[in-house]
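Note sheet for the following structure.
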Amino acid sequence: MRSNKFTPYLSFMGFGLVILTLSVNVSFKLGIEKGLDEGSLMLLSVANAVLLVYPLAWGVFAILEFYMFWKEKQNMKSKLERGKINKEDYLDQIKKVKTSLGINISYIVILLFQLGYVIINWDEVNV
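For this note's numbering, add 12 to where a residue sits in the sequence shown, where the first one is 1.
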């Protein structure tokens, strides 16, 4: 069995998008306060709007990844019940799956907070 089978790559990429979104959002807010020129503010505004919406679309992949991990967890449970996998292997693999599910669920929770932010601040996103 591959060791990276249970790695939540899509969630890790999503975390990177969220960090990028936060950095652009903070740069945009600081640019407004510091009085940057209009061209820089316009570019930051567009980047901010795109990055506030794009990770929400990336959430579709997070949901698909959650579904894959959940199905894998159920498949492993049924293999254990049918005797196709021994108890030690099951415990080792289920620990990896649960860790990946935890990472994935934390990303989905962050996306829900971001969705709330986008809904509350729609005028900021609507360029």
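Glycine included, every Cβ here is placed at the ideal spot set by N, Cα and C.
Pick from the options: whose alpha carbon is nearest that of residue i?
{"i": "residue 68", "options": "125, 132, 113 and 101", "result": "125"}
{"i": "residue 133", "options": "72, 64, 76 and 94", "result": "64"}
{"i": "residue 28", "options": "48, 123 and 52", "result": "123"}
{"i": "residue 72", "options": "117, 88 and 36", "result": "117"}
Count the other CB atoms within 10 Å of the CB of residue i; is the residue buried (16 or more) or exposed (fewer)?
{"i": "residue 105", "result": "buried"}
{"i": "residue 14", "result": "Unreliable placement is indicated for residue 14, whose pLDDT of 45 sits below 50; the coordinate value is still reported in the next sentence. So residue 14 ends up on the exposed side."}
{"i": "residue 98", "result": "exposed"}
{"i": "residue 66", "result": "exposed"}
{"i": "residue 76", "result": "exposed"}
{"i": "residue 56", "result": "buried"}
Tell me whether residue i sits in a helix, a strand or coil according to DSSP, three-state version.
{"i": "residue 122", "result": "helix"}
{"i": "residue 19", "result": "coil"}
{"i": "residue 97", "result": "coil"}
{"i": "residue 48", "result": "coil"}
{"i": "residue 133", "result": "coil"}
{"i": "residue 103", "result": "helix"}
Should the region 73-89 be called in touch with the region 27-46, which here means at least 3 C-beta pairs below 8 Å? no
Closer than 8 Å is the cut-off here; do at least three beta carbon pairs connect the region 110-130 with the region 20-29? yes
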